[in-house]
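Each residue of the sequence shown is one higher than the one before, counting from 2 in this note's numbering.
Where is the CB? At the ideal position from N, CA and C, for every residue including glycine.
In this text, all values refer to a predicted model and were calculated from it rather than measured experimentally.
The structure appears below as structure tokens.
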Amino acid sequence: MKKVQVRNLHPGMVTAEDVFAIDGRLIVPSGVVLTDNVILKLDSFDIFSIRIEDKEVEATSNVSIEQLSYKERVKQSPEFIAFKQDYDDNILHFQDSLNAIIDKNAEIDAEELINQTVSLVTSAGTSTSAMDMLMNLRDYDDSTFAHSINVAVICNIFAGWLRMSDEDRRLATACGLFHDVGKLRIPGEILQKTSALSQSEYEIIKIHTTEGYKILDKLGVDQVIKDAALQHHEKCDGSGYPYGFTSDKISKFAKLVTIVDIYDAMTSRRVFRDAMCPFTVITAFENEGLQKYDPHYILTFLENVVNSFVNQRVKLSNGMEGDIIYINPVHLGQPTVNCNGEFFDLSSRKDIQIEAIV
Ligand SMILES: [Fe+2]
Ligand SMILES: [Fe+2]
């Protein structure tokens with residue numbers, strides 16, 4: 002990463018940090034490939050210098066918006082910039098509120114926090130665009146707070162896919178928002194540990210479920226929100242924790258949070274690994290066996306996630322790039338990809354996988 006004066010920028014350089022205007026507005030997010038237009042925009046905001054990645058990509062001077070990759074198009078859209086601003090504000094506010102409960106035993110306005118998160122999805126326009134934008138925020142923040150907002154937003158979208166009532170959709174959002182609140186009682190050195198956890202450390206991590214229930218109980222929130230915090234690591238086959246409950250004892254909201262929680266954790270960047278490609282995660286769910294989850298919920302979730310990637314450009318493990326043209330309902334993680342007229346049905350080509358959405 003290096004600092005470069007705006008007058009010395011050229012197309013093809015990549016921003017290494019978000020660039021803000023003097024009033025705090027985000028002008029250009031991190032990871033954007035500079036074009037003449039972006040450089041002009043920086044100049045018009047009187048930005049003197051910005052941080053740039055050491056590696057450049059092929060110059061995209063005067064490139065039209067259609068020629069940009071899907072990810073770049075999303076990241077440069079005004080909707081994304083506004084969404085990211087709302088998202089960051091949301092995380093900060095959520096973080097302040099939760100720290101106030103732990104440090105000062107303060108009362109918080111849970112309803113207001115839920116409203117804020119619901120409005121994040123509403124302001125994105127459609128569920129698909131909210132999901133898209135969220136997936137493009139993967140490189141920014143991997144804190145428990147960001148994870149909680151992500152899970153809340155995806156729970157809201159997922160509840161919509163399940164055709165839940167507005168009231169249940171709101172409750173699902175709240176369950177996602179507060180599911181990991183008990184982690185505030187787990188020592189940071191265990192939560193942030195990058196090497197494998199010892200058995201005793203893992204036992205400590207597990208208590209974030211019961212601790213979460215206790216914190217939420219004091220806040221007087223709805224019973225289903227407390228149950229979701231307690232049960233979101235339970236699995237329908239009884240292999241989860243803290244109680245090893247089977248399907249009949251796990252609340253429907255906890256079942257929903259469990260799926261979203263795993264999906265978000267795996268598709269997010271962690272200190273010890275890069276974000277995983279959604280198709281790797283979908284295949285992992287399929288290989289693991291779906292009996293750990295509610296069958297209707299897991300199928301609805303995976304089908305909708307996969308369908309949102311139809312027509313998107315992907316990079317394959319054989320180095321080729323192509324567009325997803327067909328989803329195989331029996332092998333959701335292995336669609337058919339069209340690489341310039343050459344078709345790869347990944348369900349019958351086990352030697353090739355999707356490596357990334359580009
Ligand atoms: Fe958790
Ligand atoms: Fe979680």
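Identity of the residues DSSP links to residue i by a beta bridge
{"i": "ILE325", "result": "VAL338"}
{"i": "ILE358", "result": "VAL315"}
{"i": "VAL15", "result": "VAL34"}
{"i": "THR247", "result": "ASP238"}
{"i": "ILE206", "result": "ILE206 is not bridged to any residue."}
{"i": "LYS363", "result": "Residue 363 is absent from the structure shown; the chain starts at 2 and stops at 359."}
{"i": "PHE46", "result": "For PHE46, which the question treats as bridged, DSSP gives no partner whatsoever."}
{"i": "GLU343", "result": "CYS340"}
Nearest residue (CA-CA) to residue i, options the options
{"i": "ARG271", "options": "GLN193, LYS316, GLY213, ALA17", "result": "GLN193"}
{"i": "GLN354", "options": "LEU333, PHE344, GLY323, SER318", "result": "SER318"}
{"i": "VAL306", "options": "LYS293, PRO296, ILE328, ASP87", "result": "ILE328"}
{"i": "ASN157", "options": "THR129, ASP181, LYS184", "result": "THR129"}
{"i": "VAL122", "options": "GLY161, GLU108, LEU93", "result": "GLY161"}
{"i": "CYS262", "options": "CYS176, GLN200, PRO188, PHE310", "result": "As written in the sequence, residue 262 is Asp, which differs from the Cys given in the question. Checked all of CYS176, GLN200, PRO188, PHE310; the closest Cα to ASP262 is CYS176."}
{"i": "ASN312", "options": "SER269, ILE358, GLY241", "result": "ILE358"}
{"i": "ASP228", "options": "ALA266, GLY183, SER348", "result": "GLY183"}
{"i": "VAL46", "options": "ILE205, VAL20, VAL154", "result": "Sequence check: residue 46 is Phe here, not Val. Checked all of ILE205, VAL20, VAL154; the closest Cα to PHE46 is VAL20."}
{"i": "LEU220", "options": "TYR244, LEU99, THR281", "result": "LEU99"}
{"i": "LEU93", "options": "LYS105, GLN117, PRO330, ALA22", "result": "GLN117"}
{"i": "VAL33", "options": "ASP44, ARG8, GLU73", "result": "GLU73"}
{"i": "VAL207", "options": "PRO279, ASP218, GLN224, ILE187", "result": "Residue identity check: residue 207 is Lys in the sequence provided, not Val. Cα-wise, what sits closest to LYS207 is ILE187."}
{"i": "LYS256", "options": "ILE28, PHE81, PRO296, ASP44", "result": "PRO296"}
{"i": "ASN91", "options": "ALA266, LEU138, ALA147", "result": "ALA147"}
{"i": "LEU114", "options": "LEU138, MET165, THR174, ARG164", "result": "THR174"}
{"i": "ASP223", "options": "PHE254, ASP249, GLU343, SER309", "result": "PHE254"}
{"i": "HIS332", "options": "GLU287, SER309, GLU343", "result": "GLU287"}
{"i": "TYR203", "options": "ARG164, PRO243, MET165, HIS233", "result": "PRO243"}
CB of residue i within 8 Å of CB of residue j, strictly
{"i": "TYR214", "j": "ILE260", "result": "no"}
{"i": "LYS3", "j": "ILE53", "result": "yes"}
{"i": "LEU338", "j": "GLY320", "result": "It is worth fixing the name first, because residue 338 is Val in this sequence and not Leu. It is not a contact, given that the beta carbons lie outside the stated cut-off."}
{"i": "ASP87", "j": "SER124", "result": "yes"}
{"i": "ILE155", "j": "LEU172", "result": "no"}
{"i": "ASP181", "j": "SER144", "result": "no"}
{"i": "GLY334", "j": "ILE283", "result": "yes"}
{"i": "ILE251", "j": "CYS237", "result": "yes"}
{"i": "PRO30", "j": "LYS85", "result": "yes"}
{"i": "LEU185", "j": "ILE103", "result": "yes"}
{"i": "VAL58", "j": "VAL5", "result": "no"}
{"i": "LEU178", "j": "THR210", "result": "no"}
{"i": "VAL7", "j": "ASP37", "result": "no"}
heavy atom of ligand 1 below 7 Å from residue i C-beta
{"i": "ASP262", "result": "yes"}
{"i": "ILE94", "result": "The sequence shown places His at residue 94, not Ile. No, Cβ of HIS94 sits at least 7 Å from all heavy atoms of ligand 1."}
{"i": "HIS297", "result": "no"}
{"i": "HIS11", "result": "no"}
Heavy atom of ligand 2 within 7 Å of residue i beta-carbon
{"i": "HIS180", "result": "yes"}
{"i": "VAL152", "result": "yes"}
{"i": "ALA230", "result": "no"}
{"i": "ALA266", "result": "yes"}
{"i": "HIS332", "result": "no"}
- Taking only runs of the alpha helix (DSSP H) that begin and end inside the stretch 262 to 330, which ones reach a length of at least 4 residues, in chain order? The qualifying runs are 279 to 289, 296 to 308.
- Message: Could you tell me which whole alpha helix (DSSP H) segments of length 4 or greater appear in the stretch 79 to 137?
- Response: Taking only runs of at least 4 residues, the alpha helix (DSSP H) segments lying wholly in the stretch 79 to 137 are 79 to 105, 111 to 124, 128 to 136.
- Ordered list of alpha helix (DSSP H) runs contained in the stretch 143 to 177, each at least 4 residues: Qualifying alpha helix (DSSP H) stretches, in chain order: 145 to 162.
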